[in-house]
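Undergrad: First, the structure itself, so that you have it in front of you.
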C-alpha cells in the first residue's frame with residue numbers, strides 16, 4: 146500500500162468509525178436530499194455577567210503587554226470570558242501610529258484566516274441539511290481543478306487536497322499591475338485552474354487559502370447566493386453578528402480602524418489593505434464581542450449536529466499555522482478549539498475551551514514576525530494565566 150493509499154484509508158476509517166455512531170455526513174451517507182433535515186439554529190450567547198476579579202485582570206493585562214513588548218506590537222484588543230466568573234476586555238497601544246489613534250475595544254479588525262472557520266461551518270451546515278456530501282469531489286462544483294475528480298470537500302476543509310494555491314506568478318503579476326483591484330471569488334479561483342498539484346489528494350497536508358476559496362465557490366453553487374449573502378443568512382444574522390462583515394472593498398471598512406503593520410528593527414511600516422485578495426479564506430472583519438460569540442459558537446458546535454462537530458474535531462499535525470492539531474476548518478491547542486489568522490499587518494486568535502466554557506479573543510496590528518504569531522502567542526499566554534488560576 147502506498148503512503149497516499151494509507152492516509153486515505155486512515156481517513157475513511159476515522160470517518161467510518163464516527164459514522165457508526167450515527168454521523169450522517171461523509172462516505173457512509175445516503176445521497177443528499179431535501180428532506181435530510183436542517184442544521185441546528187443558534188442565538189447570540191450572552192457574555193458572562195460581571196467582571197473578572199481585579200487581580201486576575203491585572204495578570205491578564207500583563208500577559209498581553211509582555212507579548213506586545215517582546216514583538217514590538219503597536220496595538221491590541223483582547224478579551225477573556227469565563228462563565229460564572231465574569232468578563233474582561235482590554236485595548237492597549239495604538240491603532241494608528243502616525244495618527245496617534247489609540248486602540249478601542251469596539252473597533253473592527255480584519256480577522257484574516259479566522260474567516261476559514263466560518264466558511265467551513267457553512268459547508269458543514271449544508272452537509273447537515275443533505276444539500277451536499279463531504280465526499281463530493283470538487284469537480285462537481287468547479288471545473289478545471291487538477292485531480293478535481295479525486296479531491297473531496299472534506300479534503301479541502303482539512304487541508305489535505307494537494308491542490309495548488311492561487312498565489313503563483315500569474316496572480317502576483319496581475320496584482321502587482323493594480324494593487325487596488327477588487328477581486329471576485331471566481332477570479333481568485335481562476336488562478337488555481339489547471340495548476341500542478343502539490344501532492345496526491347489525501348497523501349499529505351498543506352494549509353492554503355485556495356482550499357477554502359474553492360469551498361466558497363461550492364457554497365455559492367449549492368445555495369444560489371453570493372458567499373456574503375449565504376454567510377449573512379446562515380451565520381451572521383442568526384448570531385446577531387452586526388459587527389462582522391465580508392468586505393472586499395477597503396472603502397467599506399468603517400473608521401476609525403486599526404492600521405496593519407510589519408515592524409522592522411522596531412519601526413512599524415503601515416500596510417495597504419486589499420481584503421479582496423483573500424476571499425472566503427480571509428476577508429472577514431469583526432469586533433471583539435463578535436469574536437467572543439464566534440469563539441463559543443465554533444468551539445461548541447452550536448450551529449452543527451453533534452456528530453458533525455465530532456467529525457470536525459478529527460485532526461492532524463500541520464506545519465503552519467501554530468496549532469497542536471488542525472482539523473476541519475478549525476484547530477486545537479492545549480484543549481482549546483478555534484482559529485488563528487495572519488497577514489498584511491494583522492494577526493488574530495479566536496479560541497474556546499469546551500471543558501470550562503471560557504473563550505479568548507486577541508486581535509493585533511502586526512504580522513510577519515519571524516517564527517512567531519503575536520496573537521496566538523498572546524492567546525497561549527492568557528490561557529496559561531487562566532490555567533494557573535483554576536489549576537486546570
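Numbering (our numbering), first residue to last: 146 to 537. C-beta: ideal position from N, C-alpha, C; glycine also.
1) Pick out the complete beta strand (DSSP E) segments inside the region 419–473, 3 residues or longer, and give them in chain order.
2) Alpha carbon to alpha carbon, how far is residue 302 from residue 418? Give it in angstroms, no decimals.
3) Per DSSP, what kind of secondary structure is residue 231 in: helix, strand or coil?
4) Does the distance from the C-beta atom of residue 219 to that of residue 511 stay below 8 Å?
5) Contact between the region 455–466 and the region 385–397 is defined here as three or more beta-carbon pairs at a separation below 8 Å; is this criterion met?
6) Our contact map puts residue 460 next to residue 472 with C-beta atoms below 8 Å; I'd like the distance itself, whole angstroms only.
7) Name the DSSP beta bridge partners of residue 300, please?
8) Which whole-angstrom value describes the C-beta separation of residue 249 and residue 206, a residue pair presumed to lie in contact below a C-beta threshold of 8 Å?
9) Which same chain residues end up closer than 8 Å to residue 245 when comparing Cβ atoms and leaving out the 5 residues on each side of it in sequence?
10) Going by alpha carbons, who is nearest to residue 476 out of 272, 352, 314, 296?
11) Measuring straight from C-alpha to C-alpha, what distance separates residue 175 and residue 324?
12) Let me know the secondary structure DSSP gives residue 377 once reduced to three states.
13) How many angstroms separate the CA atom of residue 186 from the CA atom of residue 316?
14) Residue 364 by DSSP, collapsed to three states: which one?
15) Quick check on the DSSP output: the beta strand (DSSP E) that includes residue 260 runs from which residue to which?
16) So residue 340 and residue 307 are supposed to be a Cβ contact under 8 Å. How far apart are they, rounded?
17) Quick check on this structure: which residue in 286, 462, 438, 424 has the alpha carbon closest to the alpha carbon of residue 478?
18) Looking at the unbroken beta strand (DSSP E) that takes in residue 321, where does it start and where does it end?
19) Any chance the region 281–295 sits against the region 257–271, with 3 or more Cβ pairs inside 8 Å?
20) Are the Cβ atoms of residue 426 and residue 354 separated by less than 8 Å?
21) Count the other CB atoms, across all protein chains shown, that sit within 10 Å of the CB of residue 168; report buried if there are 16 or more and exposed otherwise.
22) Can you tell me where the beta strand (DSSP E) with residue 406 in it begins and where it stops?
23) From the DSSP secondary-structure annotation, give me the bridge partner or partners of residue 496.
24) Can you give the Cα-Cα distance for residue 310 and residue 298, rounded to whole angstroms?
25) I want to know whether the region 398–405 touches the region 250–267 - three or more CB-CB distances under 8 Å.
26) Taking just the CA atoms, how far does residue 386 sit from residue 292?
27) So residue 501 and residue 535 are supposed to be a Cβ contact under 8 Å. How far apart are they, rounded?
28) Is it buried or exposed for residue 521, if we count other Cβ within 10 angstroms and need 16 for buried?
29) Please classify residue 230 as buried or exposed, where buried requires at least 16 other C-beta atoms within 10 Å of its C-beta.
30) For the 8 Å Cβ check, are there 3 or more pairs between the region 407–421 and the region 370–380?
TA: On the basis of the supplied data:
1) 429–431
2) Along the chain shown, one-based indexing puts residue 418 at 273. Along the chain shown, one-based indexing puts residue 302 at 157. Their backbone Cα atoms lie some 26 Å apart in a straight line.
3) As a working mapping, residue 231 is identified with position 86 in the chain shown. Of the three classes helix, strand and coil, the one that applies to residue 231 here is strand, per DSSP.
4) As a working mapping, residue 219 is identified with position 74 in the chain shown. As a working mapping, residue 511 is identified with position 366 in the chain shown. Yes, they are a contact pair.
5) no
6) Locating residue 460 in the chain shown gives position 315, where the first residue counts as 1. Locating residue 472 in the chain shown gives position 327, where the first residue counts as 1. That belief holds up - the Cβ atoms of residue 460 and residue 472 are roughly 4 Å apart, short of 8 Å.
7) Walking along the chain shown from the start, residue 300 turns up at place 155. In DSSP, residue 300 forms no bridge with anything.
8) Here residue 249 refers to the residue found at position 104 when the chain shown is read from its first residue. Here residue 206 refers to the residue found at position 61 when the chain shown is read from its first residue. Not quite, the Cβ-Cβ distance comes to about 15 Å (not below 8 Å), so this is no contact.
9) Residue numbering aside, residue 245 sits at position 100 when the chain shown is read from its first letter. Hits under 8 Å: 239.
10) As a working mapping, residue 476 is identified with position 331 in the chain shown. Of the candidates 272, 352, 314, 296, the one whose C-alpha sits nearest the C-alpha of residue 476 is 352.
11) Counted from its first residue, the chain shown places residue 175 at position 30. Counted from its first residue, the chain shown places residue 324 at position 179. Low confidence applies to residue 175: its pLDDT is 29, below 50, so where it sits in the model is not reliable enough to give any reading.
12) Position 232 of the chain shown, counted from the first residue, corresponds to residue 377. Correct three-state label for residue 377: helix.
13) The residue given as residue 186 occupies position 41 in the chain shown. The residue given as residue 316 occupies position 171 in the chain shown. Distance between the alpha carbons of residue 186 and residue 316 is about 39 Å.
14) Here residue 364 is taken as the residue at index 219 of the chain shown, counted from 1. In this structure, residue 364 counts as helix in the three-state DSSP scheme.
15) Start at 1 with the first residue of the chain shown, and residue 260 comes out as number 115. Run containing residue 260: none in the beta strand (DSSP E); it sits in the alpha helix (DSSP H), 259–273.
16) For this step, residue 340 is matched to residue 195 along the chain shown. For this step, residue 307 is matched to residue 162 along the chain shown. 11 Å between Cβ atoms; not a contact.
17) On the chain shown, residue 478 is found 333 positions in, with the first residue counted as 1. When only C-alpha atoms are compared, the closest one is 462.
18) For the purposes of this step, residue 321 is identified with residue 176 of the chain shown, where counting begins at 1. From DSSP, residue 321 is part of no beta strand (DSSP E) but of the alpha helix (DSSP H) over 314–322.
19) no
20) The count along the chain shown starts at 1 and reaches residue 426 at position 281. The count along the chain shown starts at 1 and reaches residue 354 at position 209. Cβ atoms of residue 426 and residue 354: closer than 8 Å.
21) Locating residue 168 in the chain shown gives position 23, counting from the first residue. Confidence is the limiting factor: at residue 168 the pLDDT is only 29, short of 50, which leaves the residue's position unreliable, though a coordinate-based value still follows. Buried, since its Cβ has 16 or more Cβ neighbours within 10 Å.
22) By 1-based counting over the chain shown, the position of residue 406 is 261. Counting along the chain, the beta strand (DSSP E) containing residue 406 begins and ends at 406–409.
23) Within the chain shown, numbered from 1, the residue matching residue 496 stands at position 351. Paired residue(s): 483, 505.
24) Within the chain shown, the letter at position 165 stands for residue 310. Within the chain shown, the letter at position 153 stands for residue 298. The straight-line gap from Cα to Cα measures roughly 16 Å.
25) yes
26) Against the chain shown, residue 292 aligns to sequence position 147. Against the chain shown, residue 386 aligns to sequence position 241. Rounded to the nearest angstrom, the two C-alpha atoms are 37 Å apart.
27) The count along the chain shown starts at 1 and reaches residue 501 at position 356. The count along the chain shown starts at 1 and reaches residue 535 at position 390. With a Cβ gap of about 7 Å, residue 501 and residue 535 count as contacting.
28) Start at 1 with the first residue of the chain shown, and residue 521 comes out as number 376. It is buried - the Cβ of residue 521 has at least 16 other Cβ atoms within 10 Å.
29) Position 85 of the chain shown holds residue 230. By the 10 Å Cβ count, residue 230 comes out buried.
30) no
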